[in-house]
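Here's the structure, in structure tokens; my notes come after.
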Amino acid sequence: MKRKTVVALLAASMILSMAMPAAASDSTEETTEVTTEAATEAATEAATEAAAEADASQPITKAEDLDPAIAATTAETTQELPLVANEGDASFSMFVDDSSATGEFVMMDELKKQTNVDVELRLFPYETATERLNLDLNSGDYADVIAGWTLSDSLILNYGVNQGVFVPLEEYFEKSCPKITEILNLKGVREKMTAPDGHIYSIPYVVEDDLVGYTPYINGQWLENLGLEMPTTTDEFEAVLQAFKDQDANGNGDTTDEIPFSTDPNNKHIEAMAGYFGMPMNKKGLAIVDGETVYGGVSSKYREFLSWFSGMYQKGLIDTELYTQDSSTWEGKGSRDLYGVSIAYGSNEFSGIARGPEKSVWDVLPVLNTENGGIWLRDTSGFSVYRTQVVVTDNAEDPELICRWFDNAFSLENGIGISTGPVGTIVTKEDDGYHVIDKSTLSEEDQEKYSWANLWPQAVSKYMPAGFRLVEANPDYDEKAAVEKIYEPNMTEGVIEENWIDMGSIDTYADISTAIKDYFEQQQAMFVAGEQDINDDATWQAYVDGMYALGLEDWLSIQGISTIAE
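FYI, in mature numbering (1 follows the signal peptide of the UniProt record, and there is no 0) the residues of the sequence shown are -24 to -1, 1 to 542.
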């Protein structure tokens, strides 16, 4: 294990620009987008080729015009429907992390009509889902299907490869799921999905993806109200937050209700801002420096970030509920125009401002300190294969039927329904492709009913072919495209690669990984809140020593990472 000083000078380059929203892929410590470097290159090549086929001025709106390999995945259905003769003849339960208020999803109802299969959803908010899943797995009282961002490589290796709780699915795919088979045959996908023992334990989730997921958004109206410019350095940013705090930035006459900075409680991503100091990190503490994946969670650059961020917390510039609020609290404060800045996947998630054809008052905060090495971590190369989204357990009476149910869900029109709205209601099929109606013409009740979150439990695997676009007469403003345009010149060239863990290291990795994740998060919170003094050398060294004592070097070595940035 090398332990060396890493100079954070990174070259950013343009790789791929495709802006189709995906689920919040970084919500769990080990959600995996990639396996081997070769597989990643193959998948990226496929996505690049698909993008090249779609001229920006003439998007592909007909499946037959797609790349032949991708077009092969777009059959209306590959299943004889209904899957069972009568409603109620078959059912299965599915555990999902989802914060739905009603538990009702338009496309789940539609699939029930198509298949006659009833799905009992067991929904838990992400804040409690991981703990509940662990309890279920330990007790044996787990659902037939487990889905969502709570799954991880470690769980699949432990409960699939080692214990057989998660059952292999590749034989069912080959026998009864032509559509899933075609998806697996896309470049690089089968390699990523296949575990070290040669089996495939999960339903594939293959999507075009954003180059960058979670970023800070800044309230442009507040900047305008106070006559402030967009900050470009951390010093300027802190000065803006101070102005937000001291003045009536939201213009409601109350100078005490402004919250300068907050973040999504389920995806805080504050360590990503260590990139402003030259250490672009993910939530596991991994970073890319000089094109190499390193561990940055004990580095001086990360400490420099924590010192800056903790200082702002002590000045009252950071939400005091940063580490205690749930999603509804975060969203509620945002909808009352109390935030100056928040980290999120999109500004509509917290602002209470629905997506529409016009840009909202929210702007993406640019990467700060770029003239002094500031850089942001690239999340994907525009294409992702998530291999830990849906598993079938040994409690399922008919795993093959479940696989067929998903195979049908992956049909083109069901994919459109899941991502945009049902064909025949929200989308109409015309000679030149599928047209999306103007949802603003719907009643408020129907706008809510057919909103993205109420179409489908979005943490569950779904499929839309790369490069395929719907025809929109009045398309929503593409906020993610705007983010990528601003961020791409100042992002790392590569992404953090994650490989399957060697069979002999599964237990060790699982134990160390959990301990390091918990320690990293707990210590970060204590440093930020001032419960531990980030500027005290002895306290910092105790944190570093604690990380090594937990097995940091072994944890990294198992992942093929040899450098710990100092």
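All C-beta atoms, glycine included, are put in the ideal place defined by N, C-alpha and C. As the structure is a prediction and not an experimental result, all values here were calculated from the model.
Let me confirm a value: Thr16 is counted as buried when at least 16 other C-beta atoms fall within 10 Å, else exposed. Which label applies?
Counted from its first residue, the sequence shown places residue 16 at position 40. Only weak support is given to the placement of Thr16: the predicted model assigns it a pLDDT of 43, under 50, and the value that follows is read from those uncertain coordinates. With 16 or more Cβ atoms within 10 Å of its Cβ, Thr16 is classed as buried.
Alpha carbon of Lys415 to alpha carbon of Ala435, nearest angstrom:
To locate residue 415, count along the sequence shown from 1; it is residue 439. To locate residue 435, count along the sequence shown from 1; it is residue 459. The alpha-carbon atoms of Lys415 and Ala435 are separated by roughly 23 Å.
Would you check if the region 383 to 393 and the region 438 to 449 touch, i.e. whether three or more CB-CB distances between them fall below 8 Å?
By the criterion of at least three beta-carbon pairs nearer than 8 Å, the region 438 to 449 is in contact with the region 383 to 393.
Beta-carbon proximity check, Gly174 vs Val361, cutoff 9 Å
By one-based count along the sequence shown, residue 174 stands at place 198. By one-based count along the sequence shown, residue 361 stands at place 385. Taking 9 Å as the Cβ cut-off, Gly174 and Val361 do not qualify as a contacting pair.
Tell me whether the region 409 to 425 and the region 367 to 374 touch, counting them as touching only if at least three CB pairs, one residue from each stretch, are closer than 8 Å.
no
For Leu57, name the three-state secondary structure that DSSP assigns.
As a working note, residue 57 is residue 81 in the sequence shown. Three-state DSSP puts Leu57 in coil, outside helix and strand.
Own chain residues within Cβ distance below 6 Å of Ala263, not counting five before or after
Mapped onto the sequence shown, residue 263 falls at position 287. Cβ within range, chain order: Met255, Pro256, Met257, Val270, Gly272.
So, helix, strand or coil for Phe81, using DSSP?
Taking the first residue of the sequence shown as 1, we reach residue 81 at position 105. Coil at Phe81, not helix or strand.
Comparing C-alpha positions only, which one of Glu473, Gly522, Asn466, Arg331 sits nearest to Ala429?
Locating residue 429 in the sequence shown gives position 453, counting from the first residue. Ranking Glu473, Gly522, Asn466, Arg331 by Cα distance to Ala429 puts Arg331 first.
Could you check the C-alpha separation between Gln499 and Arg108 for me, to the nearest Å?
Looking up residue 499 in the sequence shown gives position 523. Looking up residue 108 in the sequence shown gives position 132. Looking at the two C-alpha atoms, the distance is approximately 24 Å.
Work out the CA separation of Leu87 and Gly400 for me, nearest whole Å.
For this step, residue 400 is matched to residue 424 along the sequence shown. For this step, residue 87 is matched to residue 111 along the sequence shown. Roughly 14 Å separates the two Cα atoms.
Please indicate yes or no: does the CB of Gly393 lie closer than 8 Å to some heavy atom of the ligand MG?
Judged by which ligands are present, the structure shown has none, so any question about the ligand MG falls away.
By the three-class DSSP mapping on this structure, what secondary structure does Tyr289 have?
Position 313 of the sequence shown, counted from the first residue, corresponds to residue 289. If DSSP states are grouped into helix, strand and coil, Tyr289 belongs with the helices.
From the DSSP secondary-structure annotation, give me the bridge partner or partners of Lys405.
Your numbering for residue 405 matches position 429 in the sequence shown. Paired residue(s): Tyr410.
Throw me the rounded Cβ distance for the Asp129 and Thr364 pair, which I believe falls under 8 Å.
Here residue 129 refers to the residue found at position 153 of the sequence shown. Here residue 364 refers to the residue found at position 388 of the sequence shown. The pair is a contact, with the Cβ atoms about 6 Å apart (cut-off 8 Å).
Complete beta strand (DSSP E) runs within the region 93 to 175 (minimum length 3 residues, chain order):
93 to 100, 121 to 123
Nearest to Val228 by alpha carbon, out of Arg312, Val265, Phe444, Gly328?
On the sequence shown, position 252 is the one that residue 228 refers to. Note that residue 228 is Asn in the sequence shown, not Val. Closest option to Asn228, Cα to Cα, is Arg312.
Can you tell me whether Ser275 is buried or exposed? The criterion is at least 16 other CB atoms within 10 Å of its CB, across all chains shown.
As a first step, residue 275 must be located in the sequence shown, where it is residue number 299. The residue is buried, with at least 16 neighbouring Cβ atoms inside 10 Å.
Would you decide whether Tyr453 is buried or exposed? Buried here means 16 or more other CB atoms lie within 10 Å of its CB.
Translated into positions along the sequence shown, residue 453 becomes position 477. With fewer than 16 Cβ atoms within 10 Å of its Cβ, Tyr453 is classed as exposed.
Once DSSP output is grouped into helix, strand and coil, what is the label at Ser489?
Stepping through the sequence shown from its first residue, residue 489 is reached at position 513. Reduced to three states, the DSSP call for Ser489 is helix.
What do you get for Lys151, buried or exposed, if any count of 16 or more other CB atoms within 10 angstroms of its CB means buried?
Numbered from its first residue, the sequence shown carries residue 151 at position 175. Result: exposed.
For Asp513, name the three-state secondary structure that DSSP assigns.
Taking the sequence shown and counting its residues from 1, one reaches residue 513 at position 537. Three-state DSSP puts Asp513 in a helix.
Cβ-based neighbour list, Ser76, same chain, cut-off 8 Å, excluding 5 preceding and 5 following:
Against the sequence shown, residue 76 aligns to sequence position 100. Hits under 8 Å: Leu99, Ala429, Asn430, Pro433.
Per DSSP, which one or two residues make a beta bridge with Glu420?
Position 444 of the sequence shown, counted from the first residue, corresponds to residue 420. Glu420 pairs with nothing; no bridge assigned.
Is the Cβ-Cβ distance between Glu52 and Asn92 less than 9 Å?
Here residue 52 refers to the residue found at position 76 of the sequence shown. Here residue 92 refers to the residue found at position 116 of the sequence shown. For Glu52 and Asn92, no; Cβs fall outside 9 Å.
Hey, Met467 and Trp352 are a contact pair by Cβ (cut 8 Å); roughly how many whole angstroms apart?
Taking the first residue of the sequence shown as position 1, residue 467 is located at position 491. Taking the first residue of the sequence shown as position 1, residue 352 is located at position 376. Sure, about 5 Å apart at Cβ, within 8 Å.
Taking the alpha-carbon positions, what's the Leu202 to Val340 distance?
Indexing the sequence shown from 1 puts residue 202 at position 226. Indexing the sequence shown from 1 puts residue 340 at position 364. One C-alpha to the other measures close to 18 Å.
Pull the bridge partners of Trp352 from the DSSP assignment, please.
Reading the sequence shown from its first residue, position 376 is the one you call residue 352. Note: Trp352 sits in a beta bridge opposite Met467.
Can you tell me which of the three DSSP states Trp338 falls into?
Stepping through the sequence shown from its first residue, residue 338 is reached at position 362. Here Trp338 sits in strand by DSSP.
Give the secondary structure of Pro236 by DSSP, where H, G and I count as helix, E and B as strand, and everything else as coil.
For the purposes of this step, residue 236 is taken as the residue at position 260 of the sequence shown. Secondary structure of Pro236 (DSSP, three-state): strand.
For the alpha helix (DSSP H) that contains Asp383, what are its first and last residues?
Counting from 1 along the sequence shown, the entry for residue 383 is found at position 407. From DSSP, the alpha helix (DSSP H) with Asp383 extends over 375 to 385.
State the CB to CB distance for the pair Val182 and Leu162, rounded to an integer number of angstroms; the pair is presumed to be in contact (CB under 8 Å).
Taking the first residue of the sequence shown as 1, we reach residue 182 at position 206. Taking the first residue of the sequence shown as 1, we reach residue 162 at position 186. The distance from the Cβ of Val182 to that of Leu162 is about 7 Å, consistent with a contact at the 8 Å cut-off.
What does DSSP give as the partner residues of Ser67 in its beta bridges?
Counting from 1 along the sequence shown, the entry for residue 67 is found at position 91. Ser67 is bridged to Asp94.
Assign Tyr177 to buried or exposed, taking buried as 16 or more other Cβ atoms, counted over all protein chains shown, within 10 Å of its Cβ.
As a working mapping, residue 177 is identified with position 201 in the sequence shown. So Tyr177 counts as buried.
Residue from Ile294, Lys168, Lys89, Pro236 whose Cα sits closest to the Cα of Trp198:
In the sequence shown, counting from the first residue as 1, residue 198 sits at position 222. The candidate whose alpha carbon is nearest that of Trp198 is Pro236.
Candidates Glu214, Thr232, Phe382: which alpha carbon is nearest Ser283's?
Working through the sequence shown from its first residue, we reach residue 283 at position 307. Nearest option by C-alpha distance: Glu214.
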